[in-house]
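FYI, the UniProt record's numbering numbers position 335 of the sequence shown as 335, with every residue one higher than the one before it. Here a beta-carbon is modelled for each residue, glycine too, at the ideal position from N, C-alpha and C. A quick write-up on the structure given underneath.
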Amino acid sequence: MDGPMCDRYGPRKAMAGLLLIGAITIGLAGLASDANGLIITRFFIGIIGATFVPCQYWASRMFSYDIVGTANALCGGFGNMGAGVSYFLIPLIYNAINLVLPPHQAWRVTFVVPACLCILMAVADYFLGDDCPGDEWKNRDSSPERHDADVEKHGLPRTASDCDSMEIGDSDDEKPTGQKETSTKAVIVPGLVGQPSVVVDLLSQLKNPAVLILMIQYGCSFGVELAVDNMIGEFFHTHFNLSQTTSGMLGSIFGLMNFFSRATGGMLADYVNTLIGEGNQGRMLVHFIAFFLQGAFLIGFSFALGTLSSSIVVLILFSYCVQAGCGTTFSIVPFANPKSMGTVYGLVGAGGSVGSIVFNYVFKVYGTNYAGAFRVIGYAALTAAMCTLLLKIQARMLLGLLFKKLNP
Numbered sequence: 001m002d003g004p005m006c007d008r009y010g011p012r013k014a015m016a017g018l019l020l021i022g023a024i025t026i027g028l029a030g031l032a033s034d035a036n037g038l039i040i041t042r043f044f045i046g047i048i049g050a051t052f053v054p055c056q057y058w059a060s061r062m063f064s065y066d067i068v069g070t071a072n073a074l075c076g077g078f079g080n081m082g083a084g085v086s087y088f089l090i091p092l093i094y095n096a097i098n099l100v101l102p103p104h105q106a107w108r109v110t111f112v113v114p115a116c117l118c119i120l121m122a123v124a125d126y127f128l129g130d131d132c133p134g135d136e137w138k139n140r141d142s143s144p145e146r147h148d149a150d151v152e153k154h155g156l157p158r159t160a161s162d163c164d165s166m167e168i169g170d171s172d173d174e175k176p177t178g179q180k181e182t183s184t185k186a187v188i189v190p191g192l193v194g195q196p197s198v199v200v201d202l203l204s205q206l207k208n209p210a211v212l213i214l215m216i217q218y219g220c221s222f223g224v225e226l227a228v229d230n231m232i233g234e235f236f237h238t239h240f241n242l243s244q245t246t247s248g249m250l251g252s253i254f255g256l257m258n259f260f261s262r263a264t265g266g267m268l269a270d271y272v273n274t275l276i277g278e279g280n281q282g283r284m285l286v287h288f289i290a291f292f293l294q295g296a297f298l299i300g301f302s303f304a305l306g307t308l309s310s311s312i313v314v315l316i317l318f319s320y321c322v323q324a325g326c327g328t329t330f331s332i333v334p335f336a337n338p339k340s341m342g343t344v345y346g347l348v349g350a351g352g353s354v355g356s357i358v359f360n361y362v363f364k365v366y367g368t369n370y371a372g373a374f375r376v377i378g379y380a381a382l383t384a385a386m387c388t389l390l391l392k393i394q395a396r397m398l399l400g401l402l403f404k405k406l407n408p
């Protein structure tokens with residue numbers, strides 16, 4: 001629902017609202033008196049994860065076509081890096097509070113810190129942010145006449161079915177006669193002109209093969225990341241008999257790498273796409289390579305568990321590829337269907353959450369057989385890489401680029 005909320009109310013309000021709801025649930029976690037209460041509050045804290053969708057939607061609206069992958073990857077990377085930062089800082093905050101309060105009170109007060117940070121950011125987003133360049137969301141002219149003018153000026157789709165063949169950022173000689181070049185080539189979403197209901201829009205996008213493929217691939221990248229985040233500390237503790245503190249600090253490597261790994265995935269996708277200049281085929285090429293290497297290194301990790309040093313080295317390699325794959329995915333997502341961008345973002349983001357559930361279950365089934373679990377996940381990533389060959393964005397496929405290079 002967060003995606004359609006962005007389409008209707010703008011990303012600024014959607015982000016602020018989700019942060020405020022998240023702050024409430026985080027604060028209430030400290031009031032839990034038994035395991036059931038903690039489980040329930042933990043469930044609702046998951047709502048704050050939905051802020052990823054307005055974050056990516058917002059970045060796509062604020063930055064131009066040429067760098068939208070970089071913008072999305074930087075924003076998403078900082079968001080994912082927050083998991084690594086929290087993994088590292090929250091225990092330190094608890095230890096500091098525990099100096100003045102007993103343990104059974106200190107862990108409860110610890111939740112106040114992230115809750116206050118969420119409230120602060122919600123207020124900053126609402127009062128200091130802009131939904132889109134140069135204007136407020138509520139001031140958009142959603143009249144049919146304005147929409148028709150936007151279609152002519154920016155090459156927007158008149159209907160959802162037009163999106164598959166729509167080209168954004170084409171060269172001047174490929175544009176319709178009379179269409180003028182814009183200064184930013186921004187990824188623009190029209191106003192609420194004949195926009196279908198939320199349910200109809202969701203069902204329509206679920207029939208879009210490109211959206212389904214991107215959902216699967218994000219499940220095999222971000223879903224893998226979440227699953228590994230949940231178990232990597234326990235892995236080091238169990239497999240190498242390290243202390244909880246040391247295991248947690250080694251595990252934080254996986255999250256902290258988002259500072260640059262997801263960002264470089266988006267940057268490389270934009271850069272190669274500029275060099276190739278064939279729609280989004282450059283982005284799809286980098287996307288394929290990231291997922292293929294992710295699968296290869298995950299399988300390699302299953303054979304590198306003999307020593308701590310080899311495990312850390314391969315962990316760094318596969319974590320880079322996993323997170324770079326997240327960046328390349330959302331360099332492509334804005335072009336799957338620009339007219340329903342919020343819905344597409346929501347669905348692809350949900351694919352990541354579903355992937356997390358699936359891969360967490362894989363780790364649960366395999367138990368302490370970590371090699372077997374990582375091998376299965378590696379095969380899934382390789383399968384996702386092959387799906388890129390079936391991906392069709394704006395009437396172009398990666399195979400078309402390969403055949404063109406083989407037969408110039």
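Tell me the DSSP secondary structure of residue i in three-state form.
{"i": "K392", "result": "strand"}
{"i": "A263", "result": "helix"}
{"i": "S243", "result": "coil"}
{"i": "F235", "result": "helix"}
{"i": "A14", "result": "helix"}
{"i": "F88", "result": "helix"}
{"i": "N98", "result": "helix"}
{"i": "D201", "result": "helix"}
{"i": "D34", "result": "coil"}
{"i": "N258", "result": "helix"}
{"i": "N273", "result": "helix"}
{"i": "G223", "result": "helix"}
{"i": "A29", "result": "helix"}
{"i": "L305", "result": "coil"}
{"i": "A336", "result": "coil"}
{"i": "E174", "result": "Residue placement at E174 is flagged as unreliable, the pLDDT there being 39, under the threshold of 50; the coordinate-derived value follows with that caveat. In this structure, E174 counts as helix in the three-state DSSP scheme."}
{"i": "N230", "result": "helix"}
{"i": "N369", "result": "coil"}
{"i": "N72", "result": "helix"}
{"i": "N208", "result": "coil"}
{"i": "L20", "result": "helix"}
In terms of DSSP beta bridges, what is residue i paired with?
{"i": "M397", "result": "K392"}
How would you write the range of the alpha helix (DSSP H) that residue i sits in, first residue to last?
{"i": "residue 411", "result": "Missing from the structure shown is residue 411; the chain here goes from 1 to 408 and no further."}
{"i": "P103", "result": "P103 to T110"}
{"i": "F363", "result": "M341 to Y366"}
{"i": "A290", "result": "Q281 to S302"}
Under the criterion of a Cβ to heavy atom distance below 6 Å, does residue i qualify as lining the ligand MG?
{"i": "A373", "result": "Absence of the ligand MG from the depicted structure is noted, as is the absence of any ligand whatsoever, leaving it without description."}
Name the residue from the options whose alpha carbon lies nearest to the alpha carbon of residue i.
{"i": "L117", "options": "I21, V358, L298 and S302", "result": "I21"}
{"i": "I216", "options": "V354, T368 and G372", "result": "V354"}
{"i": "V286", "options": "L298, Q394 and A269", "result": "A269"}
{"i": "H75", "options": "S247, G327, L89 and Y370", "result": "A small fix is needed here, since residue 75 is Cys in this sequence, not His. Minimum Cα distance to C75 is reached at G327."}
{"i": "L202", "options": "G295, T343, L399 and I253", "result": "T343"}
{"i": "G219", "options": "F318, P133 and V322", "result": "V322"}
{"i": "Q205", "options": "V100, A336 and A227", "result": "A336"}
{"i": "L214", "options": "G251, T388 and V314", "result": "T388"}
{"i": "G10", "options": "V200, M341 and G30", "result": "M341"}
{"i": "Y320", "options": "T25, V68, N80 and G37", "result": "N80"}
{"i": "V333", "options": "S247, L298, A59 and A16", "result": "A59"}
{"i": "N208", "options": "V228, A395, A29 and G129", "result": "A395"}
{"i": "V85", "options": "I357, A371 and F259", "result": "F259"}
{"i": "R8", "options": "S310, S197, W107 and G49", "result": "S197"}
{"i": "F254", "options": "T274, I232, F240 and T245", "result": "I232"}
{"i": "A381", "options": "Y126, F127, Y94 and E225", "result": "E225"}
{"i": "C6", "options": "C55, A23 and G46", "result": "C55"}
{"i": "T245", "options": "D66, N95 and L31", "result": "N95"}
What distance in whole Å lies between the Cβ atoms of residue j and residue i, which are believed to be in contact at a cut-off of 8 Å?
{"i": "G352", "j": "P4", "result": "No, G352 and P4 are not in contact; Cβ-Cβ is about 18 Å, not under 8 Å."}
{"i": "I90", "j": "T110", "result": "7 Å"}
{"i": "L401", "j": "I276", "result": "7 Å"}
{"i": "V112", "j": "G27", "result": "6 Å"}
{"i": "F330", "j": "A73", "result": "7 Å"}
{"i": "L305", "j": "A371", "result": "6 Å"}
{"i": "S247", "j": "F236", "result": "4 Å"}
{"i": "F363", "j": "A227", "result": "6 Å"}
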